[in-house]
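Here's the structure, in structure tokens; my notes come after.
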Amino acid sequence: MRNVLATLTGIICAALITFGFEMIGAFLFPLPEGSKPMDAEWLKDNIHLIPLGAMVLVVFAHALGLVFGMYIASIIAKNSLTPTYIVAAFMSLSTIANLFMIPHPNWFIACDVTGIIIGYILGLKLSKSKLKSTH
Numbered sequence: 075m076r077n078v079l080a081t082l083t084g085i086i087c088a089a090l091i092t093f094g095f096e097m098i099g100a101f102l103f104p105l106p107e108g109s110k111p112m113d114a115e116w117l118k119d120n121i122h123l124i125p126l127g128a129m130v131l132v133v134f135a136h137a138l139g140l141v142f143g144m145y146i147a148s149i150i151a152k153n154s155l156t157p158t159y160i161v162a163a164f165m166s167l168s169t170i171a172n173l174f175m176i177p178h179p180n181w182f183i184a185c186d187v188t189g190i191i192i193g194y195i196l197g198l199k200l201s202k203s204k205l206k207s208t209h
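So, in structure tokens, the structure goes:
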């Protein structure tokens, strides 16, 4: 039961952290007037209008959401990395699905995938160190 709770909490925290950083990006780098960022069709047609800074923060949001979601899952699980791996898979697949659903510039795709790989490595390192410190 602890692993189920760890997995769900890790996914929820990862999503909230990702969303939070994306909102910071939207605040710091506002979209042009009349933008409809929640409309997938608008995004497909107007991705070029999104400010560079906002897009860079999205890359960081995905990576940081992954890292902290994995770490939080390991804190709750205490003795298993399984929830950590599930959180990583969920967040990675969500990021990849987003890349397929909305056309992005090539630089963004490369940075986002690289960010997820780096986020996974850091998240796993933090999670393993947390497990070692509890034993």
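Numbering (the numbering used here), first residue to last: 75 to 209. Each residue gets a CB set at the ideal place from its N, CA and C atoms; glycine is no exception.
Looking at the structure shown, is residue i part of a helix, part of a strand, or coil, going by DSSP?
i	result
proline 111	coil
histidine 122	helix
leucine 205	helix
leucine 105	coil
Along the chain, where does the alpha helix (DSSP H) that runs through residue i open and close?
i	result
phenylalanine 93	76 to 102
proline 157	156 to 175
histidine 136	126 to 151
Would you tell me roughly how many angstroms separate the C-alpha atoms of residue i and residue j, rounded to the nearest one?
i	j	result
leucine 102	alanine 128	7 Å
alanine 171	asparagine 153	31 Å
isoleucine 191	histidine 136	11 Å
serine 207	asparagine 120	48 Å
leucine 205	glutamate 107	48 Å
leucine 105	methionine 75	43 Å
methionine 165	threonine 92	10 Å
Mind reading off the beta-carbon distance from residue i to residue j? Whole number of angstroms is fine, and I expect it under 8 Å.
i	j	result
valine 161	methionine 144	5 Å
leucine 173	aspartate 186	6 Å
glycine 193	leucine 117	So it is not a contact: roughly 23 Å between Cβ atoms.
serine 201	threonine 158	4 Å
asparagine 77	alanine 151	5 Å
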